[in-house]
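Report on the structure given below.
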Amino acid sequence: MQTEELIRQADENIMGTYKRFPVVLVKGSGMKVWDSTGKEYLDMVAGIAVCSLGHSHPTVVAAIKEQLDKLTHVSNLYYTEPQIRLAKLLTDNSFADEVFFCNSGAEANEAAIKLARKYAHDHLGGDKYELLTMRNSFHGRTLATIAATGQEKFHKGFEPLTEGFRHVPFNDPAALEEAITDETCGVMLEPIQGEGGVVIPDDNYLREVRMLCDKKGILMILDEVQVGMGRTGTLFAYEQSGIKPDILTLAKALGNGFPVGAMLAADKIASAFTPGAHASTFGGNPLAMAAALATLETILKTGILENCRRMGVYFLKKLEEIKGRHPAITAVRGRGLMVALELGHSGEEIVNRCLKRGLLINCTNGNILRFLPPLITGREDIDRAVEIFDEAMCEK
Ligand code: PLP
9 MQTEELIRQA DENIMGTYKR FPVVLVKGSG MKVWDSTGKE YLDMVAGIAV
59 CSLGHSHPTV VAAIKEQLDK LTHVSNLYYT EPQIRLAKLL TDNSFADEVF
109 FCNSGAEANE AAIKLARKYA HDHLGGDKYE LLTMRNSFHG RTLATIAATG
159 QEKFHKGFEP LTEGFRHVPF NDPAALEEAI TDETCGVMLE PIQGEGGVVI
209 PDDNYLREVR MLCDKKGILM ILDEVQVGMG RTGTLFAYEQ SGIKPDILTL
259 AKALGNGFPV GAMLAADKIA SAFTPGAHAS TFGGNPLAMA AALATLETIL
309 KTGILENCRR MGVYFLKKLE EIKGRHPAIT AVRGRGLMVA LELGHSGEEI
359 VNRCLKRGLL INCTNGNILR FLPPLITGRE DIDRAVEIFD EAMCEK
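Numbering (the working numbering), first residue to last: 9 to 404.
As structure tokens, this is what we get:
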């Protein structure tokens, strides 16, 4: 089918929840994707921080194929080996003792919210149910996670919002302390705000949040859906602050593109989930577990985290170099391969110009351009991306 006809049919039959670019992507390999006309793109979006090992990574593809031939799905009423092995690898390599598997970031956060409320109900006494979340945050699109999300544009038209969430300024421990009441059971936040525009808090911030949570006897929940699985240069972003959360959520890069989410917790808290308290038909599905197991093993066994750290520094240096030539660039920032540029005007046109030239980048919050490439990115990829971006900025 011709590209125009495919797009016409899509517009007719798919709900308009996304404003899409007029390309139909058909193939991906490593750093690149191709569209239905055969045009090649350097992918610095990677499914928005999803395909961290690159497209069609051979180890992940082989693991999914092998599992597909063995067992595709059974109910969680039975044990399956890939689920057991992934839970062990995740807990061996994190603060957590137990894992709940689901299918997306929003679901992982829903599970975290439910676990926090259940733990508070069972152990903290009184009427503790409220979670404090951050202004400018993003936690998903379900009814509870939009209420947790501290951006009004995601609430409009969906009121009444789910009760039990209050938003406080990000990177402001004093405001957080002041907001904690007898009803508060926990604090939920992203270590770096992704959709909010790659907002990086002060180095001490997570430590101060941890200390406050300990002082008040409430839970610290980290949403690492976007920053987890190596994106910021360590397997989990929290490792860089020397603290441990009580609950942590993952999705996006966990399966390198296979839909899978996870909610991790220390066993004292996890034990509040007893049979029947929470569930998901597809959560922990053998195919998803095989994909995630292969992804995590590859991250742990190869030099991907080291590459992410080195290439992140190189990327920022290259962007700083061109910043001087473009007064419209008001800031360059990043951690690992979560890199952003702030523009003094809308970023949409620049993204379109990059697309035309064969580079995929992303715009969030209107004027923040994001580069979230696979963590296998090399210097040549970064050089090429910055060159195309520079040209796009120069176009009149
Ligand atoms: N949490 C964070 C920090 C995210 O960045 C996202 C998605 O962008 C989500 C949650 C929601 O994840 P999903 O789209 O898989 O539901």
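Ideal placement from N, C-alpha and C gives every residue a C-beta, glycine not left out. Predicted model, so just to flag it, every value in this text is computed and none were measured.
Can you give me the C-alpha to C-alpha distance between G205 and F109, rounded to a whole angstrom?
Along the sequence shown, one-based indexing puts residue 205 at 197. Along the sequence shown, one-based indexing puts residue 109 at 101. Rounded to the nearest angstrom, the two C-alpha atoms are 28 Å apart.
Mind the definition here: the segment 208-218 touches the segment 244-256 only if three or more C-beta pairs lie below 8 Å; say whether that holds.
yes
Y49 in three-state terms, based on DSSP
Residue mapping note: residue 49 aligns to position 41 of the sequence shown, counting from 1. Here Y49 sits in strand by DSSP.
Should I188 be labelled buried (16 or more other beta-carbon atoms within 10 Å of its own) or exposed?
For the purposes of this step, residue 188 is taken as residue 180 along the sequence shown, with counting starting at 1. Buried.
Is it true that the CB of D51 sits closer than 8 Å to the CB of L349?
For the purposes of this step, residue 349 is taken as the residue at position 341 of the sequence shown. For the purposes of this step, residue 51 is taken as the residue at position 43 of the sequence shown. No, the Cβ-Cβ distance between L349 and D51 is not below 8 Å.
Cutting at 6 Å between CB atoms, please list the residues of its own chain near K252, excluding the five before and the five after it.
Mapped onto the sequence shown, residue 252 falls at position 244. These residues qualify, in order along the chain: F103.
Using only the heavy atoms of the ligand PLP, determine whether one of them is closer than 7 Å to the beta carbon of K260.
Counted from its first residue, the sequence shown places residue 260 at position 252. K260: yes, Cβ under 7 Å from the ligand PLP.
According to DSSP, what are the bridge partners of R174?
Reading the sequence shown from its first residue, position 166 is the one you call residue 174. Paired residue(s): L140.
Could you check if G148 belongs to the surroundings of the ligand PLP, using beta carbon to heavy atom distance under 7 Å?
The residue given as residue 148 occupies position 140 in the sequence shown. True, at least one ligand heavy atom lies under 7 Å from that Cβ.
Between which two residues does the beta strand (DSSP E) carrying C193 extend?
On the sequence shown, residue 193 is found 185 positions in, with the first residue counted as 1. Element bounds for C193: T192 to L197.
To which residues of the same chain is N101 closer than 8 Å at the C-beta, ignoring the five residues directly before and after it?
The count along the sequence shown starts at 1 and reaches residue 101 at position 93. Only L243, L304 and L308 meet the Cβ criterion.
Kindly list the residues whose CB is nearer than 8 Å to the CB of A336, restricted to its own chain and excluding five residues on each side of it in sequence; keep chain order.
Taking the sequence shown and counting its residues from 1, the one referred to as residue 336 is at position 328. Answer for A336: L351, G352, H353 and M401, listed in chain order.
Use the C-beta contact count for G202: other C-beta atoms within 10 angstroms, 16 or more gives buried, fewer gives exposed.
Position 194 of the sequence shown holds residue 202. By the neighbour-count rule (16 or more Cβ atoms within 10 Å), G202 is buried.
For the segment 353-402, list the alpha helix (DSSP H) runs that are entirely contained and at least 4 residues long, ordered along the chain.
356-364 and 387-402
Confirm, please, whether the CB-CB distance from F323 to F379 is below 8 Å.
Translated into positions along the sequence shown, residue 379 becomes position 371. Translated into positions along the sequence shown, residue 323 becomes position 315. Cβ distance < 8 Å, so F379 and F323 count as in contact.
Proximity winner among P177, G148 and D105, relative to K276 (alpha-carbon distances):
As a first step, residue 276 is located in the sequence shown; it is residue number 268 there, counting from the start. Nearest of P177, G148 and D105 to K276, Cα basis: D105.
I15 - partner residues in DSSP beta bridges:
Along the sequence shown, one-based indexing puts residue 15 at 7. None; I15 has no bridge partner.
Can you give me the C-alpha to C-alpha distance between L169 and L98, rounded to a whole angstrom?
Residue mapping note: residue 169 aligns to position 161 of the sequence shown, counting from 1. Residue mapping note: residue 98 aligns to position 90 of the sequence shown, counting from 1. When rounded, the distance between both Cα atoms is 33 Å.
Do R239 and S64 have their CB atoms nearer than 8 Å?
Within the sequence shown, residue 239 is the residue found at index 231, counting from 1. Within the sequence shown, residue 64 is the residue found at index 56, counting from 1. Contact: no.
Whole angstroms are fine: how far does the CA of T289 sit from the CA of N84?
Here the question's residue 84 lines up with position 76 in the sequence shown. Here the question's residue 289 lines up with position 281 in the sequence shown. Spanning the two alpha carbons is a distance of roughly 7 Å.
Quick check: does the Cβ of D398 come within less than 7 Å of any heavy atom belonging to the ligand PLP?
Counted from its first residue, the sequence shown places residue 398 at position 390. D398 Cβ: outside cutoff for every heavy atom of the ligand PLP.
Hey, out of V359, L230 and L76, whose CA is closest to R28's CA?
Translated into positions along the sequence shown, residue 28 becomes position 20. Answer by Cα proximity: V359.
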